[in-house]
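In this note's numbering, the protein residues as written are 4 to 150.
A short write-up of the structure that comes next.
In structure tokens:
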């Protein structure tokens, strides 16, 4: 099927490419189907693109590439909702706020996207009782590791 996207123009996707967020994502509860598309301009970044609304695409990335010690526990209700049976089927993404210059880009570690790679179900989880915030600079972490 063809969809229009925020960053990739018109593309062809198959049903197998679609991730289902049964409850939508906070702020976009009616948006329940997404695809993940690589953002070729920036290595390691992708777009969580709505299949319904072409202008709705979240830039996302694996938070562990920037925050190796990122850690949290999923609630039993989230594990059940996503039918997570094995840790190897869990993929975690963070929504990024991309800024200009790119070194000002932040990651939302307080509300990660949890994906079950086996059944293509997803959910954005809000972590309460945590020190994680919605804006963590990602490039200062890399520079500190390399420096």
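Note that CB positions come from ideal geometry on N, CA and C, so glycine has one too.
All values reported here derive from a predicted model rather than from experimental measurement.
Proximity to residue i [Cα-Cα], best of the options
{"i": "residue 104", "options": "19, 142 and 4", "result": "142"}
{"i": "residue 65", "options": "16, 99 and 25", "result": "99"}
{"i": "residue 52", "options": "23, 133 and 106", "result": "23"}
{"i": "residue 58", "options": "37, 71 and 68", "result": "37"}
{"i": "residue 28", "options": "125, 70, 7 and 5", "result": "125"}
{"i": "residue 97", "options": "32, 61 and 84", "result": "61"}
{"i": "residue 69", "options": "82, 108 and 102", "result": "108"}
{"i": "residue 101", "options": "83, 92, 63 and 134", "result": "63"}
8 Å Cβ shell around residue i - same chain, five flanking residues per side excluded
{"i": "residue 150", "result": "Unreliable placement is indicated for residue 150, whose pLDDT of 38 sits below 50; the coordinate value is still reported in the next sentence. No residues qualify anywhere along the chain."}
{"i": "residue 34", "result": "24, 27, 28, 53, 55, 56 and 59"}
{"i": "residue 47", "result": "64, 65 and 68"}
Sequence-distant residues of its chain with Cβ nearer than 7 Å to residue i (five each side left out)
{"i": "residue 30", "result": "none"}
{"i": "residue 84", "result": "126"}
{"i": "residue 92", "result": "119, 120 and 121"}
{"i": "residue 135", "result": "112 and 113"}
Residue i versus residue j: straight-line alpha-carbon distance, rounded
{"i": "residue 20", "j": "residue 56", "result": "16 Å"}
{"i": "residue 106", "j": "residue 139", "result": "12 Å"}
{"i": "residue 80", "j": "residue 128", "result": "11 Å"}
{"i": "residue 94", "j": "residue 117", "result": "6 Å"}
{"i": "residue 4", "j": "residue 49", "result": "20 Å"}
{"i": "residue 137", "j": "residue 6", "result": "29 Å"}
Closer than 7 Å: residue i CB and nearest the ligand FMN heavy atom
{"i": "residue 96", "result": "Among the ligands in the structure shown, none appear at all, so the ligand FMN cannot be discussed."}
Endpoints, beta strand (DSSP E) assigned at residue i
{"i": "residue 69", "result": "Counting along the chain, residue 69 falls outside any beta strand (DSSP E), and DSSP gives it neither H nor E."}
{"i": "residue 113", "result": "Careful: residue 113 lies outside any beta strand (DSSP E) and carries neither H nor E."}
{"i": "residue 8", "result": "5–8"}
{"i": "residue 12", "result": "12–15"}
{"i": "residue 75", "result": "Per DSSP, residue 75 belongs to no beta strand (DSSP E) and is neither H nor E."}
First through last residue of the alpha helix (DSSP H) which encompasses residue i
{"i": "residue 83", "result": "79–84"}
{"i": "residue 142", "result": "142–149"}
Neighbourhood of residue i by C-beta distance below 6 Å, restricted to the same chain and skipping five residues each side
{"i": "residue 130", "result": "75 and 113"}
{"i": "residue 15", "result": "5"}
Count the CB pairs spanning the stretch 33–44 and the stretch 8–22 that are closer than 8 Å, and state whether there are at least three.
-> The stretch 33–44 vs the stretch 8–22: in contact.
Self-check item: Cβ contact check for the stretch 110–129 and the stretch 66–81: 3 or more pairs under 8 Å
Solution: Short answer: they touch.
Assess contact between the stretch 88–96 and the stretch 120–131, defined as three or more Cβ pairs (one per stretch) separated by less than 8 Å. Is contact present? They touch, by the three-pair rule.
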